[in-house]
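J.: Pasting a structure here, questions to come.
Chains as they are written, first to last, in UniProt numbering: chain A, 1 to 237; chain B, 1 to 237.
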């Protein structure tokens with residue numbers, strides 16, 4: 001009886017961690033989506049909301065970290081359970097950074113406001129964020145189902161986001177060259193695009209952590225962790 | 001006898017982790033310093049070396065993670081020892097990201113090459129990297145000495161780097177506006193500057209982890225995790 005009781009309390013602790021991670025994931029998604037909407041619609045109030053939401057995400061990450069350590073100390077898990085708990089610390093850290101990137105995007109809303117960003121570029125940023133959000137949503141689903149196979153598939157799809165970021169990078173540079181009055185606002189948009197591209201990287205990190213949690217092994221092969229915008233301009237000089 | 005033997009093997013495992021972290025820190029510092037040198041001197045061969053070095057750092061992070069989990073499973077540590085081991089996972093992750101930022105900077109060397117970046121801007125980037133490297137070096141010393149007090153002091157100094165980054169951001173924008181032919185290379189320099197600013201953030205993360213490892217508590221108060229460049233251009237429209 002007693003041992004069943006202990007096991008069930010342990011189970012509750014593990015469930016607490018995974019529920020908290022799912023909640024963090026939902027909030028991080030919302031923040032990114034709100035930040036891009038605020039950017040595209042010049043909505044300063046929505047941007048402010050994203051900035052406030054980040055405090056909640058930071059607190060949740062600390063909570064997951066604290067609970068994880070208490071659970072390890074109390075239950076002394078090994079193998080899969082231990083990887084699960086260590087994995088939750090890693091995933092919470094990635095989600096917290098996704099929130100930071102949403103916040104940083106939101107903070108640029110004021111700087112871009114009223115600068116008349118052409119619809120086409122705003123659409124480009126929106127589209128990039130849609131790709132990154134699909135990636136994030138899918139990785140959170142994979143987290144719920146713990147599928148190593150699907151985690152590996154997500155990891156391979158980050159290249160699409162990188163390619164789209166590089167093309168947006170190029171468009172923004174062209175727009176700046178056409179009219180130097182666009183330079184300040186387009187620079188902020190460049191950083192917003194980079195933020196979104198990095199959200200894709202964090203989704204990939206999370207996919208790798210899930211793969212490790214479920215299999216105990218690192219996913220095979222190098223993955224493209226970087227965009228290719230560094231090649232823009234490389235041949236022109 | 002047996003128990004002494006086990007304890008000493010355990011001690012060796014802990015020492016292995018901290019030695020590995022210090023080595024990672026040394027390599028990360030070197031990569032950042034090389035990347036900035038490569039950028040300022042248009043040294044493509046040195047940039048290539050930084051890009052190759054990143055593989056070593058990635059492997060070291062995985063090794064620290066694996067050994068940390070094995071040590072927890074085998075020794076079932078609690079309290080300070082457990083925090084020490086979890087802390088090493090976190091610090092290895094921050095150092096791996098510092099290496100990524102060095103690599104990303106190195107990758108932009110080709111794009112900036114031959115574009116005639118004025119000496120003043122190159123000096124600005126160098127100076128920013130000197131500040132970030134001092135921060136990284138000090139935090140690695142604090143890691144060796146495990147001083148919570150000094151860890152807290154480092155955390156407060158990140159503002160200096162943020163302020164300098166924002167001023168460099170402004171200068172780079174001005175230079176782009178003066179001559180649109182500078183736009184491509186200056187955009188890459190903006191991202192290099194941002195990379196270096198983020199290295200300061202990682203040093204701050206490490207300082208917070210050390211504080212947590214030694215005290216079991218989170219450092220008090222919010223810290224400025226973001227630069228203030230988002231305000232540039234905010235009032236001009």
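Where is the CB? At the ideal position from N, CA and C, for every residue including glycine.
(1) Run down chain A in chain order and give the residues with a C-beta less than 7 Å from the C-beta of residue 173 of chain B.
(2) On a Cα-Cα basis, can you pick out the residue from A:135, A:162 and A:82 that is closest to residue 150 of chain A?
(3) One question on the structure: do residue 196 of chain A and residue 121 of chain A come within less than 7 Å of each other, judged by their Cβ atoms?
(4) Look up residue 180 of chain B in the DSSP assignment and say whether it is helix, strand or coil.
(5) I need the DSSP call for residue 240 of chain A, collapsed to helix, strand or coil.
(6) Rounded to whole angstroms, what is the Cα-Cα separation between residue 204 of chain B and residue 124 of chain A?
(7) Can you list the residues of chain A that residue 79 of chain B reaches, using a CB-CB cut of under 9 Å?
(8) Buried or exposed: which applies to residue 104 of chain A, given that a residue is buried once 16 or more other Cβ atoms fall within 10 Å of its Cβ?
(9) So, does the CB of residue 62 of chain B fall closer than 7 Å to a CB anywhere in chain A?
(10) Could you tell me whether the stretch 36-54 of chain B touches the stretch 137-152 of chain B, using the rule of 3 or more Cβ pairs below 8 Å?
(11) Give me the residue from A:199, A:215 and A:54 with the minimum Cα distance to residue 132 of chain A.
(12) Please tell me whether residue 180 of chain B has its Cβ less than 7 Å away from any Cβ of chain A.
(13) Which residues mark the beginning and the end of the alpha helix (DSSP H) in which residue 88 of chain B is found?
(14) Please report the straight-line C-alpha distance between residue 155 of chain B and residue 208 of chain B, rounded to a whole angstrom.
(15) Once you ignore the five residues that flank residue 71 of chain A on each side, which residues in its own chain have a CB closer than 8 Å to its CB?
(16) Among B:191, B:194, B:169 and B:217, which residue has its Cα nearest to the Cα of residue 184 of chain A?
(17) Residue 144 of chain B to residue 22 of chain B, Cα distance in whole Å?
(18) If we ignore side chains and look at the alpha-carbon of each, how far apart do residue 20 of chain B and residue 64 of chain B end up?
(19) Ignoring anything shorter than 3 residues, give me the beta strand (DSSP E) runs that lie fully in the UniProt domain "PhoU" (125-209) of chain A, in order along the chain.
(20) So, at 8 Å on beta carbons, what are the nonlocal neighbours of residue 215 of chain B in its own chain, with the 5 sequence-adjacent residues on each side left out?
(21) To be precise: take each residue of the stretch 111-144 of chain A, compare its Cβ to all Cβ atoms of chain B, and keep it if any distance is under 7 Å. Which residues remain?
(22) Under three-state DSSP, which class holds residue 214 of chain B?
(23) If you measure between the beta carbons of residue 111 of chain A and residue 230 of chain B, is that distance less than 7 Å?
(24) Can the beta-carbon of residue 68 of chain A be found less than 7 Å from the beta-carbon of residue 24 of chain A?
(25) Got a sec: is the Cβ-Cβ distance from residue 95 of chain B to anything in chain A below 7 Å?
(26) Quick one: what's got a C-beta closer than 6 Å to residue 90 of chain B's C-beta in the same chain, skipping five residues either side?
(27) What is the rounded straight-line gap between the Cα of residue 109 of chain A and the Cα of residue 62 of chain B?
(28) Do residue 28 of chain B and residue 99 of chain B count as a contact pair if the criterion is CB distance below 7 Å?
(29) Per DSSP, what kind of secondary structure is residue 63 of chain A in: helix, strand or coil?
(30) Using the beta-carbon count (16 or more within 10 Å), is residue 8 of chain B buried or exposed?
(31) Please name the residue, chosen from B:107, B:88 and B:93, that lies closest to residue 45 of chain B on a Cα-to-Cα basis.
(32) Going by DSSP in three states, residue 227 of chain B sits in which element: helix, strand or coil?
(33) Residues in the same chain with beta-carbon distance under 7 Å from residue 218 of chain B, minus the five sequence neighbours each way, listed in chain order, please.
(34) May I ask you to report which of helix, strand or coil DSSP gives residue 25 of chain A?
T.: On the basis of the supplied data:
(1) 183, 184 and 187
(2) A:135
(3) no
(4) helix
(5) Limits of chain A in this structure are 1 at one end and 237 at the other, which puts residue 240 of chain A out of reach.
(6) 34 Å
(7) 73
(8) buried
(9) yes
(10) no
(11) A:199
(12) yes
(13) 79-107
(14) 7 Å
(15) 10, 13, 14, 17, 77 and 85
(16) B:169
(17) 8 Å
(18) 7 Å
(19) none
(20) 148
(21) 111, 113, 114 and 115
(22) helix
(23) yes
(24) no
(25) no
(26) 209
(27) 38 Å
(28) yes
(29) helix
(30) exposed
(31) B:107
(32) coil
(33) 212
(34) helix
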